[in-house]
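Right, dumping it as structure tokens:
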């Protein structure tokens with residue numbers, strides 16, 4: 005009984021490590037076969053439409069609401085100290101440094117990541133990838149790499165739009181609704197937010213998240229058992245794994261980027 | 021140098037892990053012929069096609085296409101060879117995000133720099149050959165099973181390959197589509213000078229159009245010959261297969277423990 009459960013744990017671990025190994029090899033293969041994605045950039049642009057443009061609505065609406073909530077909650081706390089003028093800083097900093105990249109990445113994982121996994125998984129299950137191979141076209145170069153680069157390019161753009169919408173939401177609630185002074189809202193924000201420390205680090209974060217999410221989504225789809233349960237399981241795993249990966253990576257990146265800063 | 025045999029399979033064995041699928045197969049396909057590989061479901065027919073396409077490598081023996089041994093080719097060499105091969109998958113495997121036209125044009129666009137006008141003419145000619153020129157603008161989801169199979173056939177011959185492989189081309193077709201597909205395979209083979217390899221278990225439809233038949237059972241070739249040889253064969257396996265008899269060398273029951281033992285009959289109840 006005990007022996008069996010130890011064996012099971014060992015087996016699971018081996019399988020997990022093996023899958024990570026496959027995923028890394030898969031990632032290297034994408035890198036090596038990325039030529040087509042750039043030579044025929046139309047392929048990548050098409051995928052940017054599917055994963056980026058079609059995620060716009062959810063990203064923009066979520067950004068607006070997150071910003072509005074930040075405005076409300078931030079005001080509540082700040083006014084206790086009489087510093088509600090700093091609302092602009094609070095909203096902008098939280099969005100640009102953390103919430104923008106992270107929440108946009110989580111939304112991207114569930115909106116675009118799951119779609120990518122399901123699409124690749126079904127293409128595999130219906131032998132479309134095999135057919136492509138038999139036609140002497142490498143599916144990694146033709147199908148996988150354009151989706152990868154489309155995701156990596158779209159992610160920071162989506163995060164930036166999320167932050168912009170969030171700041172606008174904070175402005176709507178803080179300035180228009182509650183009546184924080186408009187001048188100090190914008191000018192304090194402008195003087196406090198640093199391009200390199202805050203904005204650039206946020207962009208770096210979202211690029212890293214984009215790489216992580218699209219790699220996981222593509223790998224899960226490519227590795228999915230060619231059955232209905234296989235594809236549905238892979239789609240679920242994409243959302244769970246990439247969300248957790250985003251949160252864990254965010255902690256690591258934050259620790260490196262902002263440790264020792266004021 | 022032109023080889024008389026386009027495909028040669030020599031003493032090929034293959035296994036999926038512990039389960040042996042093929043155990044020493046010898047098979048040749050002459051240029052211009054329609055060859056059928058028959059056998060019951062799960063006997064390794066599709067594996068054989070995948071070996072010829074180079075998607076898997078044999079554990080033993082050699083697979084040669086146009087004189088080149090697939091086992092010794094790298095990916096670039098394999099892809100070069102595959103431009104001379106077309107494959108018709110069981111359910112067509114059409115790209116579901118493209119129209120019928122774009123599906124057939126796919127290889128032309130990937131492998132050539134032809135102007136769009138020329139591609140258009142070539143695609144329409146291929147679609148005309150399978151009778152679906154009028155369906156060029158449809159999406160794969162709007163096609164019936166038989167039509168999808170014919171579009172896939174047009175796509176498989178888009179680059180005028182030397183060899184076309186068909187994985188169960190007759191499965192799940194109504195009698196009319198069945199006849200159309202069979203005739204199409206024969207006609208295209210003759211007019212385009214192709215070599216065709218069919219994997220099928222539809223004896224009657226395929227015996228009408230093939231030149232030579234191989235019977236595979238349990239990983240070995242148990243019988244071979246022309247269509248007439250097969251019809252008149254008195255080998256018990258072939259006889260059972262051709263006439264669709266329930267009893268014969270192929271048993272109805274999956275191997276199991278003795279029935280009496282499984283039902284726990286004749287055992288003292290405690």
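Protein chains in written order, with the working numbering: chain E, 5 to 266; chain F, 21 to 290.
Ideal placement from N, C-alpha and C gives every residue a C-beta, glycine not left out.
In this text, all values refer to a predicted model and were calculated from it rather than measured experimentally.
- For residue 103(F), a Cβ of chain E is located within less than 8 Å of the residue's own Cβ.
- Judged by DSSP in its simplified three-state form, residue 86(E) adopts coil rather than helix or strand.
- Residue 82(F) and residue 42(F) have their C-alpha atoms spaced approximately 13 Å apart.
- In the DSSP secondary-structure assignment, residue 47(F) is bridged to 29(F).
- Membership of residue 54(E) in the alpha helix (DSSP H) is indicated by the continuous run 45-55.
- Sequence-distant Cβ neighbours of residue 74(F) in its own chain, meaning closer than 6 Å and more than five residues away, are 90 and 98.
- For residue 260(F), the uninterrupted alpha helix (DSSP H) segment begins and ends at 256-263.
- Residue 151(E) and residue 129(E) have their C-alpha atoms roughly 18 Å apart.
- For residue 237(F), the three-state secondary structure derived from DSSP is strand.
- Linking residue 178(E) to residue 169(E) through their CA atoms gives a straight-line distance of about 14 Å.
- From the beta-carbon of residue 107(F), the residues of chain E found nearer than 9 Å are 134, 135, 138 and 139.
- For residue 130(E), the neighbours in chain F by C-beta distance under 8 Å run, in chain order, 111, 113 and 116.
- Taking a 10 Å sphere around the C-beta of residue 194(E), we find fewer than 16 other C-beta atoms and assign the residue as exposed.
- Restricted to the segment 59-110 of chain F, the beta strand (DSSP E) segments that are unbroken, complete and at least 3 residues in length are 80-85 and 105-108, listed in chain order.
- In this structure, the straight-line span from the alpha carbon of residue 103(E) to that of residue 29(E) is close to 31 Å.
- At a Cβ-Cβ threshold of 8 Å, residue 121(F) and residue 150(F) do not count as neighbours.
- Around residue 133(E), the same chain offers 127 and 143 as residues with beta carbons nearer than 6 Å, after the five sequence neighbours per side are excluded.
- Burial check for residue 105(E): the Cβ neighbour count within 10 Å reaches 16 or more, so the residue is buried.
- If you draw a straight line from the Cα of residue 275(F) to the Cα of residue 40(F), it is about 17 Å long.
- By the beta-carbon neighbour count (other beta carbons within 10 angstroms, threshold 16), residue 63(F) is buried.
- By the rule that beta-carbons nearer than 8 Å mark a contact, residue 130(F) touches chain E.
- In the DSSP annotation of this structure, the continuous segment of the beta strand (DSSP E) that includes residue 186(F) starts and ends at 183-187.
- Proximity of the segment 230-247 of chain E to the segment 204-220 of chain E meets the contact definition, three or more beta-carbon pairs being nearer than 8 Å.
- The Cβ of residue 37(F) sits no closer than 8 Å to any Cβ of chain E.
- Counting only runs of 4+ residues, the alpha helix (DSSP H) found wholly inside the segment 131-195 of chain E occupies 132-138 and 149-175, in chain order.
- A straight-line Cα-Cα distance of about 24 Å links residue 68(F) and residue 115(F).
- For residue 34(F), there are no neighbours in chain E by C-beta distance under 9 Å, as the nearest C-beta there is about 17 Å away.
- Here the alpha carbon of residue 111(E) sits roughly 20 Å from the alpha carbon of residue 258(E).
- Under the DSSP definition of a beta bridge, residue 55(F) partners with 217(F) and 232(F).
- Nearest to residue 157(E) by C-alpha distance, out of 109(E), 121(E) and 190(E), is 109(E).
- Cβ contact annotation for residue 90(E) (same chain, cutoff 7 Å, sequence separation greater than five): 82 and 192, in chain order.
- Take the alpha-carbon of residue 194(F) and the one of residue 163(F): they are about 14 Å apart.
- By the criterion of a C-beta distance shorter than 6 Å, residue 104(F) is surrounded in its chain by 181 and 182, once the five residues flanking it on both sides are discounted.
- Less than 8 Å separates the beta-carbon of residue 269(F) from that of residue 256(F).
- Chain E has a Cβ within less than 8 Å of the Cβ of residue 73(F).
- For residue 182(F), there are no neighbours in chain E by C-beta distance under 7 Å, as the nearest C-beta there is about 14 Å away.
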